[in-house]
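In terms of this note's numbering, the sequence shown opens at residue 1 and continues consecutively.
Built from N, CA and C at the ideal position, the CB exists for glycine as well.
All figures in this text were calculated on a predicted structure; none of them were measured in a lab.
One structure is given here, and the rest of the page talks about it.
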Amino acid sequence: MSYLAKTYNRKNIAFKYGKGSYLYATNGKKYLDFVSGIAVNSLGHSHPKLVDALKKQSKKLWHVSNAFQIPEGEKLAKKLCKKTFAHSVIFQNSGAEATEAAIKVARRYFYSIGKPKKNQILCVKNSFHGRTIAAIFASGSKKMTEGFGPKLPGFNTFIFGNHEALKKKINKNTAAIMVEPIMGEGGIKEIPDWCLKELRKLCDKKKILLILDEVQCGISRSGDFFAFEKSKIKPDIVPIAKGIGGGFPIGAVLMNKKVASGMTPGTHGSTFGGNPLAMVVGNAVMDIVSNRKFLNNVKNLSKYFLSKLNKLKDRYPNIIREIRGRGLLIGLQLQKDQSKFIEKLMDNGLLTIRASENVIRILPPLNVKKTELNRALKIINNVCKNFS
1 MSYLAKTYNR
11 KNIAFKYGKG
21 SYLYATNGKK
31 YLDFVSGIAV
41 NSLGHSHPKL
51 VDALKKQSKK
61 LWHVSNAFQI
71 PEGEKLAKKL
81 CKKTFAHSVI
91 FQNSGAEATE
101 AAIKVARRYF
111 YSIGKPKKNQ
121 ILCVKNSFHG
131 RTIAAIFASG
141 SKKMTEGFGP
151 KLPGFNTFIF
161 GNHEALKKKI
171 NKNTAAIMVE
181 PIMGEGGIKE
191 IPDWCLKELR
201 KLCDKKKILL
211 ILDEVQCGIS
221 RSGDFFAFEK
231 SKIKPDIVPI
241 AKGIGGGFPI
251 GAVLMNKKVA
261 SGMTPGTHGS
271 TFGGNPLAMV
281 VGNAVMDIVS
291 NRKFLNNVKN
301 LSKYFLSKLN
311 KLKDRYPNII
321 REIRGRGLLI
331 GLQLQKDQSK
341 FIEKLMDNGL
351 LTIRASENVI
361 RILPPLNVKK
371 TELNRALKII
381 NNVCKNFS
């Protein structure tokens, strides 16, 4: 028996070690890992630069309180701010913590300027921002909130793609709109550039804040460092996590100067957030994935992979309904239930994971090789050929 709580339907498989894009199971089988810890292992498994950074730091210092200076954190915060719109950063341990902090930052800003009643956050219905109490009620998902009542006030939702409905939901107490530029759990649905631009204009007009959740789609996964960069807008707040740690737990909320002014000493804290071990790994990841050459390679691999996947869709229209995504955040929407298809892929040595709307998420490491993409394509083709 397992003494772990049954909060996951775990597959009957465990791994001994990983190398690059591959995982090696305890049963001796080798798998091409296109789950990547759900967009976490941005540089695959056992990347030498990340291993080296962690080894060196582990021999010096593991943890100190945020009551003291942490130079490694200062260094990473500077890199993030120089690369992006941000003026300052608060480090956390996870994506859920980062979105929680983003909500706090938005509300605290309006409190700090004498408008404490402006505390409502608007989100896309059935989006995903984490599994804390605030995050599940922010998403408005019946499935996620069931059994966790009473309903937490301060959140409202609108239907994806319906701008008119969104405008009607904004009132005098609205503080911010929070959306994912590319919805991950929600089915790899991309918010178009024109829509992001309209959201920015709407927030400016209504004098509210724009929060863009880049926990899953950020840190170069889209082919740009942040997915929203393609639309050439600047948000006010961006929560990040997953890929920035390359497998080590790191979360953060990035803020512009205006909203950061409300976060004064004592307004937020995290025991482990920004600890030296996490920060040295984050710095190593940042040095690699923020490089222009690296980003261009992600885009080129994505263009190739998406082109080949669309050819498979045309070959098997009764199985694959649509190819979605950008960069290496890719979804296969199937005509039939995705669970059996995922099992067949795994049987053939390819690991993937589900999302909403009958979508299979394909999340290779960002440094995946073309030969590995070709192997995945061959497996998908074979499963399609024999799928019924």
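Roughly how many angstroms lie between the CA atoms of K88 and N386, to the nearest whole one?
Residue identity check: residue 88 is Ser in the sequence provided, not Lys. For S88 and N386, the distance between alpha carbons rounds to 52 angstroms.
For M144 versus I133, is the C-beta spacing smaller than 7 angstroms?
Contact: no.
With a Cβ-Cβ cutoff of 7 angstroms, do L166 and F160 count as a contact?
Their beta carbons are not under 7 angstroms apart, which means L166 does not touch F160 by this criterion.
Taking DSSP as the reference, what is the three-state secondary structure of F294?
Shown here, F294 sits in a helix according to DSSP, grouped into three states.
In chain order, what residues of the same chain lie with their CB nearer than 7 angstroms to the CB of F34, ignoring the 5 residues before and after it?
L350, L351, T352, I362, L363, P364 and A376.
In whole angstroms, what separates the C-alpha of D337 from that of K172?
Rounded to whole angstroms, D337 to K172 spans 43 angstroms at the Cα level.
Mapping the DSSP letters down to three states, classify F7 as helix, strand or coil.
Correcting the residue identity first, residue 7 is Thr in this sequence and not Phe. In the structure shown, the three-state DSSP call for T7 is coil.
When we look at the beta-carbon of C68 and count the other beta-carbons within 10 Å, is it buried (16 or more) or exposed?
According to the sequence provided, residue 68 is Phe. The question's Cys does not apply to it. F68 is exposed by the Cβ-count criterion.
Would you call the region 299-311 and the region 100-110 in contact, with 3 or more CB pairs under 8 angstroms?
Result no; under three Cβ-Cβ pairs closer than 8 angstroms.
Own chain partners of F225 with C-beta closer than 8 angstroms, once the 5 adjacent residues on each side are dropped:
Within the same chain, and ignoring the five residues on either side of F225 in sequence, the residues whose Cβ sits closer than 8 angstroms to its Cβ are K83, T84, G218, I219, V289, S290 and L295.
From what residue to what residue does the beta strand (DSSP E) around R324 run?
First-last of the beta strand (DSSP E) with R324: I320 to R326.
Examine the Cβ distances between the region 65-80 and the region 267-284 and report whether three or more of them are shorter than 8 angstroms.
Contact between the region 65-80 and the region 267-284 is present: 3 or more CB-CB pairs across the two stretches fall below 8 angstroms.
Cβ-based burial, V259 [other Cβ within 10 Å; buried from 16]
It counts as buried.
Round the Cβ separation of G223 and S302 to the nearest angstrom and send it over; I've been treating them as touching at under 8 angstroms.
Indeed, because the Cβ distance is near 6 angstroms, the residues count as touching under 8 angstroms.
With A86 and N256 assumed to form a contact (beta carbons below 8 angstroms), what rounded beta-carbon distance in angstroms separates them?
Contact holds; Cβ gap of about 7 angstroms.
Alpha carbon to alpha carbon, how far is D193 from K230? Give it in angstroms, no decimals.
Using only the alpha carbons, I get a separation of about 7 angstroms.
Can you name the residues that DSSP bridges to D33?
Here D33 is bridged, per DSSP, to L351.
N310, DSSP secondary structure in three states
Secondary structure of N310 (DSSP, three-state): helix.
By how many angstroms is the C-alpha of E372 removed from the C-alpha of S36?
Computed Cα separation, rounded: 14 angstroms.
Spatial distance of K207 from I170 (CA atoms)
Looking at the two C-alpha atoms, the distance is approximately 11 angstroms.
What are the uninterrupted segments assigned as alpha helix (DSSP H) that are 4 or more residues long and contained completely in the region 86-167, given in chain order?
Secondary structure within the region 86-167: the alpha helix (DSSP H) runs of 4 or more consecutive residues, fully enclosed, are 95-112, 133-139 and 142-145 (chain order).
Can you tell me the Cα-Cα spacing of G269 and N126, whole angstroms?
Those two C-alpha atoms are separated by around 29 angstroms.
Taking 7 angstroms as the threshold (C-beta atoms), are A39 and R221 in contact?
With contacts defined as CB atoms closer than 7 angstroms, R221 and A39 qualify as a contacting pair.
Please state whether DSSP places I240 in a helix, a strand or coil.
DSSP, read as helix, strand or coil, puts I240 in strand.
What number of angstroms, rounded off, separates the C-alpha of E214 from the C-alpha of P181?
Cα to Cα, the separation comes out at about 7 angstroms.
Please report the residue range of the beta strand (DSSP E) in which M255 lies.
Unbroken beta strand (DSSP E) run through M255: G251 to M255.
Suppose you measure from the CA of A96 to the CA of I250; what does that come to, to the nearest Å?
It is roughly 11 angstroms from the alpha-carbon of A96 to the alpha-carbon of I250.
G140 beta carbon less than 7 angstroms from that of T99
Not in contact: T99 and G140 (Cβ atoms no closer than 7 angstroms).
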